[in-house]
Ligand code: MN3
């Protein structure tokens, strides 16, 4: 493993990343002693790698044919990884130069390619030649609690996925705020965010949040917000998210 790769894994070597990427990043566990330490060295931008599939390209036949899987993983997923790396490097350069003229473009690129990378990495791990049947254990109990029965869950999951407008995803997710399972639709897959991220600090810039006082001066509102941020709360959320 390259030093750069090792350094990168060190920084993402926490439970949540291992969950997303499963066995492909299992080497992250060797850095488990870092879990409770706050990193002081900067995280290197743009070193994401295409995770290997946990099975051969023909392993999911006949449900997913070999040619489709080769293109989907080797071309489409790979393009998300390189796009994310490019956007992260561009943003690092923008911070270096204090030039944010293209920040909207690059944030969109991070959202699009980052979400594509994360969702595909989960998707590959979600599938297996030995898959099928029904879940057992805690997930089965949670599905029963939140959807009634597995059959009802499956019916809603299929209906929601089929009803996604144009390109997108059907998603079973754990909603951490309500502490329950939810079925979601994702159109495209980004909408300017990146799946899997746990919010730590949020700033509402819908006009209702500032218009009475600031009218069209959103930038002034955002600048002022920093005078009232409760960093103790943000820090507590960070600690919790880190696990
Ligand atoms: Mn895809």
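Numbering (our numbering), first residue to last: 2 to 244.
Backbone N, C-alpha and C define an ideal beta-carbon position, used for all residues, glycine too.
Treat the numbers as computed from the prediction; the structure is a model and nothing was measured.
Item                                                                                                                              : Value
Same chain only: Cβ atoms within 6 Å of residue 85, ignoring 5 sequence neighbours per side                                       : 49, 114, 115, 118
Proximity winner among 236, 124, 168, 207, relative to residue 222 (alpha-carbon distances)                                       : 207
Distance between residue 240 and residue 176 (C-alpha atoms, nearest Å)                                                           : 18 Å
Three-state secondary structure assigned by DSSP to residue 223                                                                   : helix
Backbone secondary structure at residue 145 - three-state DSSP                                                                    : helix
Within 6 Å of ligand 1: residues by beta-carbon to any heavy atom                                                                 : 73, 77, 121
Top-ranked residue by Cα proximity to residue 230, from 105, 203, 96                                                              : 203
Chain-order list of residues whose beta-carbon lies under 7 Å from that of residue 170 (same chain, five-residue window excluded) : 120, 187, 190
Residue 110 in three-state terms, based on DSSP                                                                                   : helix
Run of the beta strand (DSSP E) containing residue 215, from where it starts to where it stops                                    : Not the beta strand (DSSP E): residue 215 falls in the alpha helix (DSSP H), residues 212-215.
Contact between the segment 103-112 and the segment 76-90 (3+ Cβ pairs under 8 Å)                                                 : yes
Beta-carbon spacing of residue 126, residue 55 below 8 Å                                                                          : yes
Whether residue 251 touches residue 165 by CB criterion (8 Å)                                                                     : A query on residue 251 cannot be resolved here, the shown segment of the chain reaching from 2 to 244 and no further.
Alpha-carbon spacing of residue 78 relative to residue 161, whole angstroms                                                       : 24 Å
Environment of residue 200 [buried if 16+ CB atoms lie within 10 Å]                                                               : exposed
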